[in-house]
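Quick note on our numbering: the sequence shown kicks off at 52 and runs consecutively.
Right, one structure below, let's go through it.
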Amino acid sequence: MSASGCRVRFAPSPTGYLHVGGARTALFNWLLARRSGGRFVLRIEDTDRSRHVSDSLEKILADMRWLGLEWDEGPEADGGADDAAGEGDFGPYCQSERLAIYQEHVQRLIDSGHAYYALETPEELAAMREQARAAKTDYKYRRPDPLPTAEQAQAARDAGRAVVVRLKMGDTAITVMDDILGEVTLAADQLEDFVIQKGDGWPTYHLACVVDDALMKITHVLRGQEHLMNTPKHIAIQRALGFDTPHYAHLPIIFNMSGSKMSKRDKEKALKRGEVPPEIDVHDFRVSGYLPEALLNFISLLGWSTGDDTEQITLDETTERFSVEGVGKGSAKFDRDKLLSFNTDWAAKVSEDRLLECFVDYLQVNGSPLAELPEATLRRMLELCKGFRTFPDVITKIGFAFVDDSAIEYQEKAVRKVLEKNDGAGYAALRNVVICLESLEPWTASAIEAELTKFCEANDLKLGGVAQPLRVALSGGTVSPAIFDTLELVGRERTINRIKQTMMQGSEQQ
Ligand code: GLU
52 MSASGCRVRF APSPTGYLHV GGARTALFNW LLARRSGGRF VLRIEDTDRS RHVSDSLEKI
112 LADMRWLGLE WDEGPEADGG ADDAAGEGDF GPYCQSERLA IYQEHVQRLI DSGHAYYALE
172 TPEELAAMRE QARAAKTDYK YRRPDPLPTA EQAQAARDAG RAVVVRLKMG DTAITVMDDI
232 LGEVTLAADQ LEDFVIQKGD GWPTYHLACV VDDALMKITH VLRGQEHLMN TPKHIAIQRA
292 LGFDTPHYAH LPIIFNMSGS KMSKRDKEKA LKRGEVPPEI DVHDFRVSGY LPEALLNFIS
352 LLGWSTGDDT EQITLDETTE RFSVEGVGKG SAKFDRDKLL SFNTDWAAKV SEDRLLECFV
412 DYLQVNGSPL AELPEATLRR MLELCKGFRT FPDVITKIGF AFVDDSAIEY QEKAVRKVLE
472 KNDGAGYAAL RNVVICLESL EPWTASAIEA ELTKFCEAND LKLGGVAQPL RVALSGGTVS
532 PAIFDTLELV GRERTINRIK QTMMQGSEQQ
């Protein structure tokens, strides 16, 4: 595929959040544009009003921005601004704002004899389909002869009937020259006159997509393989309108590890089974505490490979190495374990500032009050939990430090094993250590370490003999970062309160 200065587009329909497969399409297009010094256009295909989901546009834009896939041009947001790359203060193009353009092209096709009005009602079409089924033949729309005239179309509209416009398909096969799949031919008998303008006057996806690809001077169309069978139709429209055909490349379908196709419906299915729904949309991964770096790196490998053993590479490196030739024909597998391990590695690799930025974003999208904590505290949390897989691990490990003392839930097993065992040895350790801690100055991890070491020596205890009871007192369970750091982060007042609260609960039960 020649790719110098290519113009590409990502054209999502606003049907909800950005699906991870859509994100892969967006990424590959973005990479191609960046690699070739070309332009990446974002176009919202919102002409199917029945599938429109409100807020969807904002959601898709937010997901694109979170991934860092900025688009290069589009209508200006508030006028004046130039279409400077990367600023994102313009666009995207929305097809719903370009209705007149599509209508003009449909008219051109009617006037040139490439398209015609079709008057069948949905019921009539259903009956024709049924007839074919009964006769055990494949249904194919039969072009009326003679074709309805413009006057007949108008009369039908006046009588309240929906009139569509169909494109005449020729009687020769159409071959798609796909840059990934090679030549793909659709036989003539599989081509039927299809609708390019619906009864409500809106264009179908096929028409709007082809007109926009041409007017936006798109040179390369990279999209999911589910669109492969649409491409012959698109080529037919291009030929009828005298447009050039861009390069096409259809990306491999993404499958779950179980072998089923990865789809938005996987979430509903899991919910029905009473299971936690898997992450499918980009937003799901954001809410689940993944880093854009990890997700991008991971999805770049869904169909494409670096060509050697290296897998974890930056977006810049991916841009340098990406090519459509490197995309395979076979299906891609969405390996969640691999993604988790990518995320673990990326979280350990990005700069502290970047990690903090992503952590704050994670807390904010989850509506967590922890987002308001001082920056230094958030940094400390991340530092103490180094090695975590996703951000929820951080909360599991240290989130207890920031809740009200009364919100601590004491795990029965931990209480039994750590506090009650050996005649309440854990409670005894807490009773004694609280006295030392109350007067300790300053309240720093190193002073706490020195004090607890001294305490253990004086009481002939191993560090665990006091650290574990403290963990249970502070968190309700037995997991926390290093105990000295944990105490410092929880603060003196809360530490003392929680120890006393634990002892009180213990004496109530005894
Ligand atoms: N709007 C189509 C979709 O969301 C895009 C198809 C295309 O890229 O041509 O699947």
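Quick reminder that beta carbons are idealized off the backbone N, C-alpha and C, glycines included.
In this text, all values refer to a predicted model and were calculated from it rather than measured experimentally.
- Judged by DSSP in its simplified three-state form, Cys57 adopts coil rather than helix or strand.
- For Trp81, the three-state secondary structure derived from DSSP is helix.
- In this structure, the straight-line span from the alpha carbon of Arg372 to that of Phe79 is close to 12 Å.
- The beta carbons of Leu170 and Ala204 sit closer together than 8 Å.
- Between Leu353 and Phe385, the C-beta gap is smaller than 8 Å, which places the two residues in contact.
- Rounded to whole angstroms, Arg387 and Gly88 show a C-alpha spacing of 33 Å.
- Gly275 and Asp196 have their C-alpha atoms roughly 37 Å apart.
- Of the candidates Lys187, Gln158 and Gly73, Gly73 places its Cα closest to the Cα of Leu120.
- In this structure, the C-beta of Ala77 stays at least 7 Å away from each heavy atom of the ligand GLU.
- Secondary structure of Arg316 (DSSP, three-state): helix.
- Annotation for His278 indicates a beta carbon within 7 Å of some heavy atom of the ligand GLU.
- A Cβ-Cβ distance of about 6 Å is found for the pair Leu108 and Ile95, placing them in contact under the 8 Å criterion.
- Between the segment 259-272 and the segment 287-298, the count of C-beta pairs closer than 8 Å reaches three or more; the two stretches touch.
- Annotation for Tyr299 indicates a beta carbon at 7 Å or more from all heavy atoms of the ligand GLU.
- Thr172 counts as exposed, since fewer than 16 other C-beta atoms from the protein chains shown sit within 10 angstroms of its C-beta.
- As the crow flies, the alpha-carbon of Cys260 is around 15 Å from that of Leu160.
- In this structure Val484 is buried. Its beta-carbon is surrounded by 16 or more other beta-carbon atoms within 10 angstroms.
- Between Leu488 and Pro520 the beta-carbon gap is near 12 Å, outside 8 Å, which marks them as no contact.
- Within the same chain, and ignoring the five residues on either side of Val157 in sequence, the residues whose Cβ sits closer than 8 Å to its Cβ are Ala166, Val216, Ile247, Gln248, Pro254 and Leu258.
- The beta carbon of Asp444 sits closer than 7 Å to the beta carbons of Cys436 from its chain, once the five residues preceding and following it are set aside; these are given in chain order.
- Contact between the segment 307-319 and the segment 327-339 is present: three or more C-beta pairs spanning the two stretches fall below 8 Å.
- With respect to the 8 Å criterion, Leu69 and Asp106 are not classified as neighbours on the basis of their beta carbons.
- Nearest Cα to Pro303 within the set Ile269, Gly252 and Ser356: Ser356.
- When the alpha-carbon of Leu112 is set against those of Leu198, Leu93, Thr270 and Gly381, the nearest one is in Leu93.
- Rounded to the nearest angstrom, the gap between the Cα atoms of Ala185 and His285 is 31 Å.
- Nearest in C-alpha terms to Ser147, of all of Arg100, Lys389 and Lys468, is Arg100.
- Taking a contact to require three or more Cβ pairs closer than 8 Å, the segment 460-479 and the segment 526-533 qualify as touching.
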